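1 is the number of the first residue of the sequence shown in my numbering; add one for each residue after it.
Heads up, the thing below is written out as structure tokens.
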Amino acid sequence: MFAKRRELEEGDIDITAFMNLMIVLVPVLLMSMVFNHIAILELNLPDLTGAQTASAEQNRQLEVVVRESAIEVYYPSGNLVKTIANLDEDGRSDLHDYATLSKVLQEIKRQLVAKSIDKRDALLLSEAGVSYQSLVSTMDTLRAAKTVVVADAVEVELFPEISLGDAPGKRGDS
Numbered sequence: 001m002f003a004k005r006r007e008l009e010e011g012d013i014d015i016t017a018f019m020n021l022m023i024v025l026v027p028v029l030l031m032s033m034v035f036n037h038i039a040i041l042e043l044n045l046p047d048l049t050g051a052q053t054a055s056a057e058q059n060r061q062l063e064v065v066v067r068e069s070a071i072e073v074y075y076p077s078g079n080l081v082k083t084i085a086n087l088d089e090d091g092r093s094d095l096h097d098y099a100t101l102s103k104v105l106q107e108i109k110r111q112l113v114a115k116s117i118d119k120r121d122a123l124l125l126s127e128a129g130v131s132y133q134s135l136v137s138t139m140d141t142l143r144a145a146k147t148v149v150v151a152d153a154v155e156v157e158l159f160p161e162i163s164l165g166d167a168p169g170k171r172g173d174s
């Protein structure tokens with residue numbers, strides 16, 4: 001008359017298949033991750049105090065104007081050294097010529113060193129339509145130049161203290 005009660009037994013969970021999936025999935029996800037590389041460009045604001053003991057030659061401003069059509073180098077301010085036209089490769093005329101810019105900047109630096117002037121600052125001016133990548137590439141060119149010394153490629157510091165500004169309108173434009 002007494003009914004037998006069946007006691008419910010707890011069943012074991014088989015997680016072997018899940019563990020196998022995790023063992024394969026975790027390394028695949030880790031290998032496919034893209035690690036972001038963030039580079040920070042340090043920009044220095046111009047010194048507003050102005051040292052009174054600095055010579056007139058050291059106070060002369062190097063200006064690099066980046067336009068959509070060309071790059072203009074002025075030294076001292078207002079005195080055009082060179083206009084560097086864009087490269088025309090494969091029908092694209094929007095590529096700036098950074099190799100020529102580097103040569104012009106190296107020549108200016110060489111002249112300053114010959115006069116025993118330690119000039120490290122430059123003013124980078126850009127038009128409104130210039131791409132961000134063009135600005136960064138121009139900053140990299142302003143900062144340092146790659147040169148060969150005794151069969152070794154080395155970087156030579158040019159003008160690492162860069163200030164940014166808006167480019168004036170082209171001369172002749174009203």
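C-beta atoms are modelled at their ideal positions from N, C-alpha and C, and glycine is treated no differently.
What you are looking at is a predicted structure, and each value in this text was computed from that prediction instead of being measured.
To the nearest angstrom, report how far apart residue i and residue j are at their CA atoms.
i           : j           : result
residue 80  : residue 62  : 10 Å
residue 129 : residue 68  : 7 Å
residue 109 : residue 82  : 15 Å
residue 104 : residue 25  : 54 Å
residue 78  : residue 95  : 25 Å
residue 71  : residue 140 : 14 Å
residue 147 : residue 60  : 26 Å
residue 97  : residue 73  : 13 Å
residue 149 : residue 100 : 19 Å
residue 23  : residue 10  : 27 Å
residue 102 : residue 33  : 36 Å
residue 138 : residue 87  : 15 Å
residue 169 : residue 134 : 19 Å
residue 19  : residue 30  : 17 Å
residue 111 : residue 84  : 20 Å
residue 153 : residue 15  : 58 Å
Which residue's Cα is closest to the Cα of residue i: the options?
i           : options               : result
residue 124 : 156, 151, 153 and 161 : 161
residue 136 : 153, 64, 114 and 75   : 64
Pick helix, strand or coil for residue i, following the three-state DSSP scheme.
i           : result
residue 97  : coil
residue 107 : helix
residue 151 : coil
residue 114 : helix
residue 88  : strand
residue 12  : coil
residue 17  : helix
residue 130 : coil
residue 52  : No answer about residue 52 holds up, because its pLDDT of 49 lies below 50 and its placement is not dependable.
residue 175 : As shown, the chain starts at 1 and ends at 174. That puts residue 175 outside it, with no answer to give.
residue 163 : strand
residue 158 : coil
Give a yes or no on whether the C-beta atoms belonging to residue i and residue j are separated by under 8 Å.
i           : j           : result
residue 156 : residue 145 : yes
residue 106 : residue 142 : no
residue 163 : residue 121 : yes
residue 66  : residue 126 : yes
Taking 7 Å as the cut-off, is the CB of residue i close to at least one heavy atom of the ligand SAM?
i           : result
residue 140 : With respect to the ligand SAM, the structure offers nothing, as it holds no ligand at all.
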